[in-house]
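Engineer: Below is the structure I would like to discuss, written out as structure tokens.
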Amino acid sequence: MAVLIDPAVRPATTTWASALSTMNGGLFLVPVAALLVFGLLPQMEPSRLTTPVVLAVLGASLLFAARAAWRGAHWPRQYVLVVVAGEILGLALGYLYLGAALLFVAPAAWLLWRPSARTFAGSASQASVPSRRNPSR
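Residue numbers for the sequence shown follow my numbering, beginning at 3 and rising by one.
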């Protein structure tokens, strides 16, 4: 059963963090989509497919995390912090593309740790857990 939460109750920090995570996920999907559109992905050597596959998985997972944050889940906060750490490490290793991605995910991580976003996640998780006293609910 899906829990619908009134958008008026959703804090702006959660809305913005979800939007920034969505943009970051889309940013990782752009190279993969370009390779598919221009027909280059099927022509690539198998040894060179690692980067596009990793980018696609990371992009899809960030889109999933954005949806979960929008709905009030707790886990996207920790996941986005791990992504920030990974992007900083990748940037230090010379992957300059991650600098643009870091501009989206770092503010999203900060916004998800704000008190209003954490309170929203707590109230959303309380609303989605059925009461243990009355199992018929």
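Where is the CB? At the ideal position from N, CA and C, for every residue including glycine.
What would DSSP say about residue 13, mapped onto helix, strand or coil?
Structural biologist: It is coil, neither helix nor strand.
Engineer: From residue 34 to residue 105, what does the alpha carbon distance come to, in whole angstroms?
Structural biologist: For residue 34 and residue 105, the distance between alpha carbons rounds to 20 Å.
Engineer: As a quick exercise: from 126, 26, 14, 31, pick the residue whose alpha carbon is nearest that of residue 77.
Structural biologist: Checked all of 126, 26, 14, 31; the closest Cα to residue 77 is 126.
Engineer: Can you tell me where the alpha helix (DSSP H) with residue 66 in it begins and where it stops?
Structural biologist: Residues 52-73.
Engineer: Kindly indicate which residue of 85, 124, 48, 93 has the alpha-carbon position closest to the one of residue 110.
Structural biologist: Considering only alpha carbons, the answer is 85.
Engineer: I'd like the list of long-range same chain contacts for residue 122, defined as Cβ closer than 7 Å, with 5 residues on each side in sequence excluded.
Structural biologist: Only 12, 13, 16, 74 meet the Cβ criterion.
Engineer: Measuring alpha carbon to alpha carbon, tell me which residue in 129, 82, 53 is nearest residue 31.
Structural biologist: Among 129, 82, 53, the Cα nearest to that of residue 31 belongs to 53.
Engineer: Can you check which of these residues, 48, 61, 42, 41, is closest to residue 103 by C-alpha distance?
Structural biologist: Among 48, 61, 42, 41, the Cα nearest to that of residue 103 belongs to 61.
Engineer: Would you please state the rounded distance, in angstroms, between the beta carbons of residue 51 and residue 26? I believe it to be under 8 Å.
Structural biologist: No, residue 51 and residue 26 are not in contact; Cβ-Cβ is about 22 Å, not under 8 Å.
Engineer: For residue 98, does the count of other Cβ atoms within 10 angstroms reach 16, so buried, or fall short, so exposed?
Structural biologist: Its Cβ having fewer than 16 others within 10 Å, residue 98 is exposed.
Engineer: Identify, in the order they occur along the chain, each residue of the same chain with its Cβ nearer than 8 Å to the Cβ of residue 28, setting aside the five sequence neighbours on each side.
Structural biologist: Same-chain partners within the cutoff: 61, 65.
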